[in-house]
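*Asks:*
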Amino acid sequence: MALYQLKDKPGFEYLSTPWKAINYPAIRKVFVTHQHADHIGGLEEMALTNTFVFKDSKTGKPFKAELISTINILVNLWDHSLKGGLNTIQNRYALLQDYFFIRALICQPGKNQFAVGPYLFEIFPTDHVHIERKYDWPSYGLYICDPQRGRSAFFSGDTRFDYPAYMQMMDKADVCFHDCQLFDQPDAVHASLNECLSLPEQLRKKTYLYHYGDNYDDKTGEKPVSNFKGFARAHVRYKLF
Ligand SMILES: [Zn+2]
Ligand SMILES: [Zn+2]
């Protein structure tokens with residue numbers, strides 16, 4: 002629904018077809034941070050629409066975007082989330098690679114990054130949900146940099162508050178995006194607003210908060226977001242650097 006509305010906003014016309022549907026082939030690459038539905042929920046529709054509605058203009062075959070994540074997330078994504086709706090195409094069985102070109106990363110030096118044009122995207126593990134211990138359920142954030150200009154951006158993915166793990170990247174980045182829930186909760190799986198308020202001031206001033214609840218504009222409890230660069234807003238394009 003967010004994408005459907007975004008295509009009608011100024012500057013996002015490329016996301017719309019002439020017949021006012023979502024122009025899925027405009028999305029050429031998708032990075033999956035982790036397997037929660039709020040992060041992968043649109044992939045089944047994207048896969049089916051690209052396969053049955055759109056053609057790759059060069060090959061004439063169904064359009065395939067590139068799907069990028071770690072091997073463990075990609076395997077689980079298919080087995081536990083997408084297979085139910087996608088494993089049968091009319092008259093035959095199908096696999097993830099029938100719908101997407103797959104780029105599998107490993108969270109190890111040298112295998113933990115991909116490039117898009119001049120930009121480098123490096124993944125790092127985030128402390129989101131535990132099975133038994135930290136990092137045992139795969140979840141990743143992104144450090145995006147332009148090596149030629151020495152500029153960079155930090156994107157936390159979904160994470161608990163773990164400033165020591167992200168300090169160096171956040172320090173170096175020109176802009177940061179950190180997930181944040183507005184309430185405190187024991188053993189939460191997201192950083193809380195109060196925890197984010199404990200970040201050093203120079204980091205807060207370049208950090209947008211996202212992943213906040215729908216009650217963010219509830220006037221009864223003023224949220225001290227003026228201490229940050231602000232809430233990241235839906236349907237707004239942010240210049241990274
Ligand atoms: Zn999550
Ligand atoms: Zn989430």
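Read left to right, the sequence shown gives residues 2 to 242 (our numbering).
We put the CB at the ideal spot given by N, CA and C, even for glycine.
Computed from a predicted structure; not experimentally measured.
#1: With a cut-off of 8 Å on the beta carbons, I'd call leucine 194 and glycine 214 a contact; round off their distance for me.
#2: Quick one: residues in its chain with C-beta nearer than 7 Å to the C-beta of histidine 179, no 5 flanking neighbours on either side, listed in chain order?
#3: Write down every uninterrupted run of the alpha helix (DSSP H) in the region 43 to 92 whose length is 4 residues or greater and which is fully enclosed by it, in chain order.
#4: CA-CA distance, glycine 142 and threonine 160?
#5: Skipping 5 residues on each side, what residues in its chain have a beta carbon closer than 6 Å to that of tyrosine 15?
#6: Say whether the region 65 to 75 touches the region 130 to 147, bearing in mind that this needs 3 or more beta-carbon pairs closer than 8 Å, one atom from each stretch.
#7: Going by C-alpha distance, which of Asn24, Phe64 and Phe229 is nearest lysine 56?
#8: Answer yes or no: the CB of aspartate 80 versus the heavy atoms of ligand 2, is any distance below 8 Å?
#9: Got a sec? Which residues, its chain only, sit under 6 Å from glycine 86 by beta carbon, not counting five neighbours each side?
#10: Within the continuous beta strand (DSSP E) that includes proline 126, where are the two ends?
#11: Among Ala116, Glu202, Ala48 and Ala235, which has the Cα closest to the Cα of alanine 95?
#12: Using 8 Å for Cβ pairs, my map puts leucine 78 next to glutamine 36. What's the rounded Cβ distance?
#13: CB alanine 154 to CB tyrosine 164, shorter than 9 Å?
#14: Give me the residue from Asp172, Gln149, Asp188 and Lys173 with the minimum Cα distance to phenylalanine 162.
#15: Check this for me: beta carbons of isoleucine 69 and phenylalanine 125, under 9 Å apart or not?
#16: Could you give the distance in angstroms between the alpha-carbon of proline 11 and the alpha-carbon of valine 237?
#17: For valine 176, write down the residues that DSSP places opposite it in a beta bridge.
#18: Which of helix, strand or coil does DSSP assign to isoleucine 41?
#19: Can you check DSSP and say which residues form a bridge with aspartate 147?
#20: With respect to 8 Å, is the separation between the Cβ of serine 140 and the closest non-hydrogen atom of ligand 1 below this value?
#21: For a quick check, are the C-beta atoms of aspartate 175 and arginine 205 less than 9 Å apart?
*Replies:* Based on what the coordinates show:
#1: Contact doesn't hold; Cβ gap of about 10 Å is too wide.
#2: Ser157, Ala192, Cys197, Thr208 and Leu210
#3: 44 to 53, 72 to 77 and 84 to 87
#4: 8 Å
#5: Ala27
#6: yes
#7: Phe64
#8: Result no, Cβ not under 8 Å from ligand 2.
#9: Glu45
#10: 120 to 126
#11: Ala48
#12: 6 Å
#13: no
#14: Of the candidates Asp172, Gln149, Asp188 and Lys173, the residue whose Cα lies closest to the Cα of phenylalanine 162 is Asp188.
#15: no
#16: 10 Å
#17: Ala154
#18: helix
#19: Aspartate 147 pairs with Arg152.
#20: yes
#21: no
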